[in-house]
Structure formats: C-alpha cells, structure tokens
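Presented below is the structure to which this report refers.
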Amino acid sequence: MKAINVGLLGIGTVGGGTYAVLTRNQEEITRRAGRPIRITAVADRNVERARELVNTVVGADVKVTDDAFSLVKDPSIDIVVELIGGYTTALDLVMMAIDNGKHVVTANKALLAVHGNEIFAAAQKKGVMVAFEAAVAGGIPIIKALREGLSANRIQWLAGIINGTTNFILSEMRDKGHGFTAVLHEAQRLGYAEADPTFDIEGIDAAHKVTLMAAIAFGIPVQFDRAHVEGITKLDAVDIKYAEQLGYRIKLLGIAKRKVAGVELRVHPTLIPSKRLIANVEGAMNAVLVWGDAVGATLYYGKGAGAEPTASAVIADLVDVTRLATADPQNRVPHLAFQPDQLSDLPILPMDEVETACYLRMRALDKPGVLAEVTRILADLNISIDAMIQKEPAEGEDQTDVVLLTHLAREKYINAAIHKIEALDCIHGKVVRIRMEALNG
Ligand code: HSE
C-alpha cells in the first residue's frame, strides 16, 4: 500500500530519535499501521547536521531544508511532525500545516497548553488530526489512556510527577540532604537540567502538561492561564527531612481534581504518604495516577523525556494518524476526548477555594504559651491539626522549629492563618507551607 509521507520539523534530540526508531522498527511499524510511514522531508536550521543524520540510513531519500514553511506547504507531505518547540514560529507552522490539510503530530506542550483551543478548532474545521501523546510524560501513553482506555469512567482526579528535572532534583535533595541550588548545579553538570531550567524548576512545564490532561479528563477547554503554578525553587532541604519523619515524601505534582463547583488545576510541591507507589518514583522518571469512578486507581510509569522514549510516543501518534487517515473525519477520536460541541463549562476554581491538608513549619520562641497562641489561630479558623513535631532548641538557642500537619482546609483559611501566625511576636520569619495529598481516592 502507498506509504504515508511525513515531514519532520526539527531533527534534534527527539527528531533524531524518531528518525532512528522509525528506521529501525520500520517493518513492525508498517504491519501495525497498515502502510509504510516514511519521513520524506526534514526542516532544520542546521542543514548540515540534519543531512548527516538522515544519511546514516543507506539509500534514504529525504529532502533536507532550512525552510520549514516550504515543508508545511509541500503537497507531497501527509503528516507534519512539529518538534521545534516554543509558542511563536511553531504556532505559525502548525496553523499553516492545518490550513494546508496536513495532519499534525507534536510534542509541544507549551504550544497546546496556551493555543490548543484555537489549534484544535482549526483542525476540526479542516478535518485533520492533531496528535500530541509526546507532549505529556514523554514515552508514557497517558493521553491514550485518558482519552480512550478510560473512556467508560467519570474521571475524579489525576496527579502526576510529570517533570523529570524537578523529580531528579527532589530525589537528590532527599538522598544527599543538599540544598536546592547545589543540586540544581549538579543536575546541570550531569545533563539532567537545562542551562536555563526556568520552565522546569518554576513548575511551568508541569503546568502545561497537567492543563492538557485536565482538558482530556474532564472534557473542558485548555486553560493554562487558570492553573496555579508553584515550582521547587523555594523548597528547603529541612522540609524534606521533616516530611520524611512524619511519613511523607515531597514531590512536585501536577494535580487536576473534579469538584462540584469546578476543577482544581494546580502544580506545587506536595507531601504525599511515603507508602504510595507514586511517592517512590525517583530520579528523572515520570508517573501519573488517575482515579476513575469505575476502574479506581490506575498508575502509569515510565521515562518522561529522552530521544527514544519521546520518539516512542511520536511514532505511536504517527501510527494512529495513519490508521485513521482514511476514516470518516466525524468518527475520529476527538482531540480532547469529548466531542468538540460537548465540552463542559465547568470552571477552573480559584486557588482560594482549593481544599488541601497542609504542612506548616515555623520558627518559634521556646517559651510558655507559644503553641497555645498558634493553635488558637488555627482553631478560630476551623483548621484542625493532624500531627505535630517540636524539636528541642539547639544548645544556646531560644528558638526551635515547630512543624504542624493540618487536616483538610480551604486555601483562603490557611492563608489567613499563616498571615496571623507570622504576625505573632513569638514567631520569627515566614511560615513554610507545603500542601499535602493523600492520593487515596
Ligand atoms: N523538561 C521536561 C522534564 C521534559 O524535565 O521532564 C520534556 O517535557
């Protein structure tokens, strides 16, 4: 059967991996897709390196160019794979590819989290597919699981370790007891963190990914601008130690929860019970825990980045698109799992309305009545205490750490309590707050 022709935008790490895996597993992939999938054109700024890469395959007949715009207009191309990244040129290229009737496969979470609604609407109108398995959690087929495998379920919530860089840093901080900055530098030296790690360490990359998962899980538009985003830059190694003593691990979680009034959409460092499987996901690995009303908990684990793990997801999309390319456009799997005219207007809740238990650490004077004052503030705001640690002051000091775990409370009451506690004369400095998730249903 006639091959489907693919144009690759960007042949860096993931593009190179895609080219290599497609070539290596060509026979098996063809048997799965029903027809050969061939990369026939590559656009990359570095034409020399791109040529070298494609020429590693003997007899490869691949057009190499630095003009990505000519590739997305090329009538011989059926599917455009966008691996450039970013929101600007990538948006123009994806929209132009759609306009020219091409199906699109992309690993670009930032682009879809910010411009997804407009991209999916254009694709719907044009009758083409936009597939993005590689945009969330690299090689883990989580989009497929949420969109198709779990489609019987009312999904209640999902929580994921969806950024390998920050998970690596947190694992190192816990294992070695080192501070954030020292571990970040070590991660950069080992190639686990980018030279500019802002998107990863500030939680933005995880927020892009959880935004996409929330849309698919709950059938709502993509709303990155409504997500609460907190990274790990302010996390202190001492809190990782205290959390451990209380039976918890701290992970950067992307969380999406369906509540009666709307959807909680948030990324922040989170205490989770050490005994949960997901608490034991270490290093650069990713994992997503999904709770559906019929199936209960399901857990997806694997490599969230890297050339071939991400290529695995890109190629799975290429196979899907190839299989569906001849199907009636109305009967294809919808981009966001739910039919486009059936998206719900369930709002994303403001952070003030989000309900979590919290870990609170404060530096307190060691004198009578201090705990009474702190607990009075919490009691007045109807915040119940679940556990507490108070250390003896170090030799010659009159201050000590007090660590409290609360039961579930609304964010606005916790904020009010923190504000009042920080104003007490017996409390020095800021109160550290880390939210907790039991992740048990
Ligand atoms: N930078 C991401 C991470 C991988 O550290 O997990 C690509 O999404």
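Counting in this note's numbering, the sequence shown tops out at residue 1697, every number present. All residues carry an ideal CB built from backbone N, CA and C; glycine is no exception. Model, not experiment: these values are computed from the prediction.
ILE1417: member of the beta strand (DSSP E) spanning 1411 to 1417, first to last residue. In the displayed model, GLN1655 falls within a strand according to three-state DSSP. Beta-bridge pairing by DSSP links VAL1386 to VAL1360. When the Cα atoms are used, ALA1473 and LEU1402 turn out to be separated by approximately 6 Å. Membership of TYR1557 in the beta strand (DSSP E) is indicated by the continuous run 1552 to 1559. Shortest gap from the CB of ALA1483 to any heavy atom of ligand 1: 7 Å or more. Residue environment: ASP1452 is assigned as exposed (fewer than 16 neighbouring CB atoms within 10 Å of its CB, all protein chains considered).
Taking all protein chains in view, the Cβ of HIS1524 is crowded by 16 or more other Cβ atoms within 10 Å, so the residue is classified as buried. GLY1341 carries a coil assignment under DSSP once its states are collapsed to helix, strand and coil. For the 8 Å CB-CB criterion, ALA1483 and ARG1514 do not form a contact. Under DSSP, ARG1482 forms no beta bridge with any residue. Judged by pairs of C-beta atoms under 8 Å, the stretch 1554 to 1567 touches the stretch 1387 to 1400, as three or more such pairs exist.
DSSP places ARG1287 in the helix class (H, G or I) of the three-state scheme. GLY1263 is positioned such that its CB atom lies closer than 8 Å to that of ILE1333. The beta carbon of LEU1468 sits closer than 8 Å to the beta carbons of LYS1365, LEU1368, ALA1369, GLY1372, PHE1388, ALA1391, VAL1392, ILE1399 and VAL1478 from its chain, once the five residues preceding and following it are set aside; these are given in chain order. In the structure shown, THR1489 falls within a coil segment according to DSSP collapsed to helix, strand and coil.
Per the coordinates, the alpha-carbon of VAL1537 lies some 43 Å from the alpha-carbon of GLY1315.
The way I'd put it, the stretch 1627 to 1644 doesn't touch the stretch 1458 to 1467; fewer than three beta-carbon pairs between them come closer than 8 Å. In this structure, ligand 1 has no non-hydrogen atom nearer than 7 Å to the beta-carbon of THR1467. For ASN1409 against VAL1575, the beta-carbon gap comes to about 25 Å, at or over 8 Å, which does not count as contact. Within the same chain, ALA1563, GLU1564 and ALA1567 come within 6 Å of GLY1273 by CB-CB distance, once the 5 residues on both sides are set aside.
Taking 8 Å as the cut-off, the Cβ atoms of ARG1619 and ASP1657 count as close. Following the DSSP letters along the chain, one finds ALA1463 inside the alpha helix (DSSP H) bounded by residues 1460 to 1474. Straight through space, the alpha carbons of LEU1491 and ALA1471 are spaced by roughly 29 Å.
Only exposed fits ASP1549, as fewer than 16 other CB atoms lie within 10 angstroms of its CB.
The beta-carbon distance between GLY1416 and LEU1545, rounded to whole angstroms, is 7 Å. This is short enough to meet the 8 Å contact definition. Judged by the Cβ position, ASN1364 fails to qualify as a neighbour of ligand 1 at the 7 Å threshold, every heavy atom of the ligand being at least this far. Residue pairing by DSSP puts ILE1641 in a beta bridge opposite THR1662. Residue pairing by DSSP places THR1321 opposite ALA1299 in a beta bridge.
Relative to ligand 1, THR1421 has its C-beta within less than 7 Å of a heavy atom.
Between the C-alpha atoms of ALA1679 and TYR1669 there is a straight-line separation of about 16 Å.
Burial of LYS1507 is indicated by the presence of at least 16 other C-beta atoms within 10 angstroms of its C-beta.
Going by beta carbons, HIS1359 and ILE1375 fall outside the 8 Å limit. Counting C-beta pairs closer than 8 Å gives fewer than three between the stretch 1297 to 1307 and the stretch 1592 to 1599, which falls short of the contact rule. In the structure shown, HIS1434 falls within a coil segment according to DSSP collapsed to helix, strand and coil.
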